[in-house]
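Below is one structure, written out as structure tokens; comments come after it.
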Amino acid sequence: MSQNKLPADPLALILGVVSLVLGIAGCCCYGFTAIIPLIMAIFGLIQANKSLKEYAEHHEAYSPQTRSNVNTGKILNIIAIVFNGIIVFLTIIGLIFFGAALSSDFLEDIENNNQNDIDEEVILIEEDSTEGTWQDETYETANDTISEEVEKEKSIEEIMRDIDSRY
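What follows is the structure, encoded as structure tokens:
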């Protein structure tokens, strides 16, 4: 009888090694890329378990070397699942922690700014009430001077003449 390879002989081993390497590289990217090697390791473990089940049923059809390769791939995939799972878990915890910290700082800033705005309005009202007289305000732009005057009832024709004379 010929000795064949198990279906996941190269696949489980390759997926285990690649998922470990990508998981370690994922640590450099703050764990955001660890989900991909986690999925790869889970797929490799499923394939390795199927192949080992096949070997248990028909062990005379397959070589012991191919069983050893699949078993090594299974172990590498388990290590990769644990390692990448920890990285994904820590990334999620970190996002929750920093998100809560940023949102609480953001809310405190909003509350402080609202309180400062209220204080400024009170100060402005107090300053306006102490003066007691109205003063004309002058605003200057690049080439024009616009003066704001308090005008009593004017007719539309007078307003139009004023506009025409200014421009």
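Residue numbers (my numbering): -19 to 147. The beta carbon of each residue, even a glycine, is placed where N, CA and C say it ideally should be. Keep in mind it's a predicted model, so treat the numbers as computed, not measured.
Supposed close pair residue i, residue j - CB separation, criterion 8 Å
i, j, result
"Leu32", "Val50", "6 Å"
"Gly3", "Pro(-10)", "Actually they are not in contact, since the Cβ atoms of Gly3 and Pro(-10) sit about 20 Å apart, beyond 8 Å."
Start-to-end residues for the alpha helix (DSSP H) that takes in residue i
i, result
"Pro17", "15 to 37"
"Glu138", "136 to 146"
"Leu150", "The question about residue 150 has no answer, for the chain in this structure spans -19 to 147."
Beta-carbon proximity check, residue i vs residue j, cutoff 8 Å
i, j, result
"Gly11", "Val68", "yes"
"Ala80", "Ala28", "no"
"Ala21", "Asn(-16)", "no"
"Ala(-8)", "Asn64", "no"
"Leu0", "Ile61", "no"
"Leu222", "Thr46", "Outside the shown range of the chain, which is -19 to 147, sits residue 222, and nothing can be said about it."
Collapsed DSSP secondary structure at residue i in the structure displayed
i, result
"Glu106", "A caution first: Glu106 carries a pLDDT of 49, below 50, which makes its placement in the model too unreliable to give a value."
"Gly74", "helix"
"Asn49", "helix"
"Gly79", "helix"
"Gly65", "helix"
"Phe86", "helix"
Beta-bridge partners of residue i, as assigned by DSSP
i, result
"Asn(-16)", "Tyr42"
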